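Here's the structure, in structure tokens; my notes come after.
There are 2 protein chains.
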Amino acid sequence: METSIAIRERRSIRQYRPGEIPREDIVSILEAAMMAPSARNARPWTFVVVTDKVTKDKIVKVHPYAKMGAQAECIIIVCGNESLSEYWQQDCGAAIENMLLRAEDMGYGTCWCGMYPNMDRVEPIQDIIGKTEGVPMALITLGIPDEKPEARGKFEESKVRFID
Amino acid sequence: METSIAIRERRSIRQYRPGEIPREDIVSILEAAMMAPSARNARPWTFVVVTDKVTKDKIVKVHPYAKMGAQAECIIIVCGNESLSEYWQQDCGAAIENMLLRAEDMGYGTCWCGMYPNMDRVEPIQDIIGKTEGVPMALITLGIPDEKPEARGKFEESKVRFID
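Each protein sequence line maps, in turn, to chains A and B. Numbered per my numbering, the first sequence spans residues -6 to 157. Numbered per my numbering, the second sequence spans residues -6 to 157.
As structure tokens, then:
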């Protein structure tokens, strides 16, 4: 899929239908994440991919906006390593955007659900997955989409200033 | 350009050759930025696009790693609005990644230079562009590339854990 189309058509998907995602496609999405730039090439990210139903059900119980994760094929928790870079949140944000676009490109649906710096979400997630991977910054639901929200342009002139 | 190729081939470009970038291409890159998702659709970003040579020269003097911005057609300063969202850094990171990919897609080169939370960079930039747009989080150099670093895969298995 053309880059400009993936960027435009990617929307948050909250309805999923059953269907497996081959492991190599998940790996391809994670590779896209890791091809994002990071300050000083610190790569301050780690990924916990949850396909286990019991663990998914635990996760969606502690995050107020991730209920659809129970229906999605997997939940990917993106963890950041604060000790590697002061830019870790920005770098992980870029990595996540690559994941969302690569998933869109392959016909999958995703939804980015925020956690850090909301510790009411971070801590219960750490209790479920452990603390090995650093701070769970966000979770991404990934699955076969069962809705198709319309693409939309979003240029806002008021958010741009030119110094010519 | 295919999404997967844009993701893989995007590299930080630090050598630029002279050449104009049509204003509509800059707008297209900014639109890509604004098509990134943001928590609660807060869209906590603003963009200051600097093509003025005098202002570019001032900017590259106060940022230790942005010298190539003087040769680039423009410098885009991405500002974040902390008051709109606690996720502003992550959201702006996603918006920047969209910019870099859309620029790659159109044959341009970019380099993302970090600023916030490094106040030694943020404050002098605010002195140059003013404080209207919130916190200058990062600057992106954008121009006609005069180097072509090789694409590279970057999957690191050690950064992934599956819970199946």
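Where a beta carbon is used, it is the ideal one built from N, C-alpha and C, also for glycine. Keep in mind that this is a model prediction, so the values were computed, not measured.
Which residues does DSSP list as the beta-bridge partners of residue i?
i       : result
A:P129  : A:C72
B:G40   : Checking the sequence, you will find Phe at residue 40 of chain B rather than Gly. A:V153 and B:V71.
A:R10   : A:I137
B:W105  : B:I133
A:E(-5) : B:E(-5)
A:S21   : In the DSSP output, where bridge partners are listed per residue, A:S21 has none listed.
B:S5    : B:T103
If we ignore side chains and look at the alpha-carbon of each, how far apart do residue i and residue j end up?
i       : j       : result
B:C72   : B:P37   : 8 Å
A:M61   : B:Y109  : 34 Å
A:M(-6) : B:I(-2) : 10 Å
A:E75   : B:V115  : 20 Å
B:Y80   : A:V47   : 29 Å
B:S21   : B:C85   : 17 Å
B:E140  : A:Q82   : 29 Å
A:Y101  : B:Q64   : 40 Å
A:G107  : A:Q119  : 14 Å
B:I19   : B:T(-4) : 19 Å
B:C67   : B:A59   : 12 Å
A:I70   : B:F148  : 17 Å
B:D157  : A:D50   : 13 Å
A:S31   : B:P142  : 16 Å
B:I0    : A:L77   : 23 Å
B:S5    : A:L135  : 29 Å
B:P138  : B:R95   : 14 Å
B:I133  : A:M99   : 28 Å
B:D113  : B:W105  : 17 Å
B:I121  : B:T103  : 22 Å
A:N111  : B:I52   : 34 Å
Let me confirm a value: residue i is counted as buried when at least 16 other C-beta atoms fall within 10 Å, else exposed. Which label applies?
i      : result
A:N34  : exposed
A:G123 : exposed
B:E97  : buried
A:R3   : buried
A:G146 : exposed
A:A87  : buried
A:A144 : exposed
A:R7   : buried
B:R16  : exposed
B:K54  : exposed
B:P57  : exposed
Taking 7 Å as the cut-off, does the CB of residue i come closer than this to any heavy atom belonging to the ligand GTP?
i     : result
A:A29 : The ligand content of the structure shown is nil, which means the ligand GTP is not present either.
Touch test, the segment 128 to 145 of chain B against the segment 4 to 17 of chain A, Cβ-Cβ under 8 Å, three pairs minimum:
Contact between the segment 128 to 145 of chain B and the segment 4 to 17 of chain A is absent, because fewer than three Cβ pairs lie under 8 Å.
Decide yes or no for the touch test of the segment 40 to 47 of chain A against the segment 142 to 154 of chain B: beta carbon pairs closer than 8 Å, at least 3 of them.
Counting Cβ pairs under 8 Å, three or more are found: they touch.
For the 8 Å Cβ check, are there 3 or more pairs between the segment 20 to 28 of chain B and the segment 85 to 100 of chain B?
Yes, the segment 20 to 28 of chain B is in contact with the segment 85 to 100 of chain B.
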